[in-house]
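Protein chains in written order, with the working numbering: chain A, 7 to 121; chain B, 11 to 125.
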C-alpha cells in the first residue's frame with residue numbers, strides 16, 4: 007500500500023515570495039490533515055479536511071495561508087506572502103475517517119526555509 | 011485547551027539500558043493517547059496507542075499505560091537498541107467540538123542509543 011506522498015521535499019524561498027505544497031493521501035482515506043512543525047517543537051494542526059470539506063481551520067493564518075482539497079483526494083497548501091517565521095516542516099497526514107481513535111498516516115514532510 | 015508535556019531531552023542511553031520518557035496531558039474530556047516515532051529521514055509513524063483509562067499500548071517492546079488519575083502516558087522499554095534512536099512524540103486526540111481526530115503533540119524527545 008502506497009503511503010502519503012508529499013512534494014517538494016525541500017523548498018528555499020525569500021520572504022514575501024509565494025510557495026505551494028502538494029499532498030496525495032492514502033487511497034480511500036477520507037480525512038486529510040496539514041500540520042506545521044517548527045524546529046524543536048511538536049507538529050501543530052493547521053487545517054483538517056473531511057473529504058473535500060473543511061472540518062477545522064481555526065489555527066490556519068488565513069491572511070497568508072490557504073488550502074484546498076480537490077475532489078476529496080489531493081490537497082495543496084499555499085503561503086502568500088511568506089514570512090521568516092514560516093520556516094518549518096509541513097506535514098500532511100491522512101486517516102480512514104474522523105473517529106478519534108483512528109491512526110493518522112504521515113507523509114515525509116516538506117522542509118521550508120524562508121530567507 | 012488540550013496540551014501535552016514531555017520530559018525534556020535529549021536522552022542518551024547505552025544499548026540494553028532501560029528507557030522511560032515521561033508524558034503528561036491536560037484535556038477536558040476523555041482523550042485517546044498516542045506515541046508517535048520519527049526515525050532519521052522518515053515521517054512520523056504510530057508506535058502505540060491507548061483509547062481509555064488503564065489500557066496498555068504496546069509495540070516493538072515499547073509499552074505505555076493510560077493513567078487517568080495522574081493524567082500520564084509514560085513510554086517504557088526494558089532494553090533499548092541502537093535502532094531505537096529517534097524522536098518520540100506523545101500526543102492526544104479528543105472529541106471536543108468538531109475536531110474529531112485532531113492530534114495535539116508534545117514537543118518531542120530525542121533518544122540516542124550508543125552501542
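Note that beta-carbon positions come from the ideal geometry of N, C-alpha and C, so glycine has one too.
Keep in mind it's a predicted model, so treat the numbers as computed, not measured.
Using a C-beta cutoff of 8 Å, does residue i count as contacting chain B?
i	result
residue 30 of chain A	no
residue 114 of chain A	yes
residue 97 of chain A	yes
residue 67 of chain A	no
residue 37 of chain A	yes
residue 59 of chain A	no
residue 78 of chain A	no
residue 62 of chain A	yes
residue 101 of chain A	yes
residue 23 of chain A	no
residue 86 of chain A	no
residue 91 of chain A	no
residue 74 of chain A	no
residue 1 of chain A	In the structure as shown, chain A begins at 7 and stops at 121. Residue 1 of chain A is therefore absent and cannot be evaluated.
Taking CB distances under 8 Å as the criterion, tell me whether residue i reaches chain A.
i	result
residue 117 of chain B	yes
residue 11 of chain B	no
residue 111 of chain B	yes
residue 99 of chain B	yes
Who are residue i's beta bridge partners in DSSP?
i	result
residue 17 of chain A	A/118
residue 62 of chain A	A/54
residue 120 of chain B	B/97
residue 26 of chain A	A/84
residue 91 of chain B	Note: residue 91 of chain B sits in no beta bridge, so no partner.
residue 74 of chain B	B/67 and B/85
residue 75 of chain A	A/81
residue 61 of chain B	For residue 61 of chain B, which the question treats as bridged, DSSP gives no partner whatsoever.
residue 37 of chain A	A/56 and A/101
residue 114 of chain B	B/102
residue 11 of chain A	A/30
residue 55 of chain B	B/47
residue 96 of chain A	A/42 and A/116
Would residue i and residue j qualify as a contact pair, given that the criterion is a beta-carbon distance under 8 Å?
i	j	result
residue 12 of chain A	residue 28 of chain A	yes
residue 65 of chain A	residue 45 of chain A	no
residue 54 of chain B	residue 48 of chain B	yes
residue 59 of chain B	residue 44 of chain B	yes
residue 102 of chain B	residue 40 of chain B	no
residue 63 of chain B	residue 78 of chain B	yes
residue 82 of chain A	residue 54 of chain A	no
residue 97 of chain B	residue 25 of chain B	no
residue 100 of chain A	residue 84 of chain A	no
Taking beta-carbon pairs under 9 Å, can you tell me which members of the stretch 42-66 of chain B lie near chain A? 42, 44, 46, 48, 51, 52, 53, 54, 55, 56, 59 and 61
Taking a cut of 9 Å between CB atoms, which residues from the stretch 42-58 of chain A lie near chain B? Close to chain B, meaning a Cβ-Cβ distance shorter than 9 Å, are the following residues of the stretch 42-58 of chain A: 43, 46, 47, 48, 49, 50, 51, 54 and 56.
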